[in-house]
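Novice: Remember, the numbering used here sits 518 above the position in the sequence shown when you count from 1. Every residue gets a Cβ at the ideal spot worked out from N, C-alpha and C, and that includes glycine.
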Amino acid sequence: MEASKWIPVANIEDDSKIWAGTRVRLFDAGLMVKDKETDYYDYLVSYIYANDDYLQLTNLSKGEAGNIICVIQKDKPSQYALGKTLKDMMGIENAYVLME
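1) Please report the Cβ distance between R543 and Y614, rounded to the nearest whole angstrom; I am assuming they are in contact, meaning their Cβ atoms lie under 8 Å.
2) For W537 and V563, I'd like the C-alpha separation in whole angstroms.
3) Among the candidates D571, G609, K580, whose CA atom is the shortest distance from the CA of S596?
4) Are T576 and Q591 touching if we call contact CB-CB under 8 Å?
5) Can you grab the Cα-Cα spacing for the pair E582 / L600, in whole Å?
6) Who are the Cβ neighbours of V527 in its own chain at under 7 Å, not counting the five residues just before and after it?
7) Quick check on A568: does DSSP put it in helix, strand or coil?
8) Going straight from the alpha carbon of E621 to that of Q574, what length do you get?
9) When DSSP builds the beta bridges, which residues end up paired with A613?
10) What does the alpha-carbon distance come out to for the pair D533 and Y558?
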């Protein structure tokens, strides 16, 4: 994990803008791996077809790809969600966000 890019979800501001295309990594996923550095799932924040109120977090990891972990409400009328919403839905432990 590149420490300079991945930010703990706990450290993002409540009013941070979470756009579609943002990646979220959830560590300590319970995978049967020897190296705990690889015990994670990656998620992509994306739009939901025919639903303009929420964004979804879709799993990108092998074997789980396509599974939705949660949805986060957009800060209407904007097309993004807020950091507070992401914290509420994903939790702050073991969760990191790639802010680009």
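Specialist: To lay it out plainly:
1) By one-based count along the sequence shown, residue 543 stands at place 25. By one-based count along the sequence shown, residue 614 stands at place 96. Contact flag correct, Cβ pair sits at about 5 Å.
2) Stepping through the sequence shown from its first residue, residue 537 is reached at position 19. Stepping through the sequence shown from its first residue, residue 563 is reached at position 45. Near 7 Å, if we compare the C-alpha coordinates of V563 and W537.
3) Here residue 596 refers to the residue found at position 78 when the sequence shown is read from its first residue. Per the Cα distances, D571.
4) Here residue 576 refers to the residue found at position 58 of the sequence shown. Here residue 591 refers to the residue found at position 73 of the sequence shown. Contact: no.
5) Locating residue 582 in the sequence shown gives position 64, counting from the first residue. Locating residue 600 in the sequence shown gives position 82, counting from the first residue. Answer to the nearest angstrom: the Cα atoms are 26 Å apart.
6) The residue you call residue 527 lines up with position 9 of the sequence shown. Excluding positions up to five away in sequence, the list reads L604, K605, M608, I610, A613, Y614, V615.
7) Start at 1 with the first residue of the sequence shown, and residue 568 comes out as number 50. A568 falls in the coil class under three-state DSSP.
8) No answer is possible for residue 621: the residues shown for the chain start at 519 and end at 618.
9) The count along the sequence shown starts at 1 and reaches residue 613 at position 95. Per DSSP, L544.
10) The count along the sequence shown starts at 1 and reaches residue 533 at position 15. The count along the sequence shown starts at 1 and reaches residue 558 at position 40. Computed Cα separation, rounded: 26 Å.
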